[in-house]
Structures are given as C-alpha cells and as structure tokens.
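Numbering (the working numbering), first residue to last: 45 to 117. Note that the Cβ used here is the ideal one computed from N, Cα and C, for glycine as well. Nothing here was measured: the structure is a model prediction, and the numbers come from that model. Let me begin by presenting the structure, written as structure tokens, before commenting on it.
In structure tokens form, the structure reads like this:
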C-alpha cells in the first residue's frame, strides 16, 4: 500500500503503478468498498472521498489533497 501510494503521489496512473508492482495493493480495493458503504449510509467522509477521487475518478493527487487540507482546517 505504501509503495502504491508513493507511486500515485509521484504522478503514476493507477494502471501504471499496478503494473510496476509485484504485489497487490489492498488499499486500492478497500478504498472503493469504503466509499460505496459511506455513500450508501450517507456518511460524510472527506478523506475517503478524496482517496476515491484520486484512484477511481482520476483526479490529480496534489490538488485533491490541497483541497482536502482546506476542508479539514
């Protein structure tokens, strides 16, 4: 998960990061599950939403985390 996250932070796409790794990044799949559960329960989860946006909606990591920082301040 750490290696995958570092690669995403460096600008790799999800697909290219997964191709480079020889292991499974469980957090990638867990993020989608957590997002769907929170949507179903109408929970407010800005961190999970941001991670989901980066991994599944292909949003830019740097700008997404800057936006999250402003929300959490």
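Residue 69 sits away from residue 78, with the two beta carbons spaced by 9 angstroms or more.
Look at residue 100 here: in three-state DSSP terms it is helix. Apart from sequence neighbours up to five positions away, the residues of its chain that approach residue 82 with a beta-carbon distance below 7 angstroms are 89, 92, ordered along the chain.
The continuous alpha helix (DSSP H) containing residue 60 extends over residues 58-64. When the alpha-carbon of residue 116 is set against those of 102, 94, 74, 67, the nearest one is in 94.
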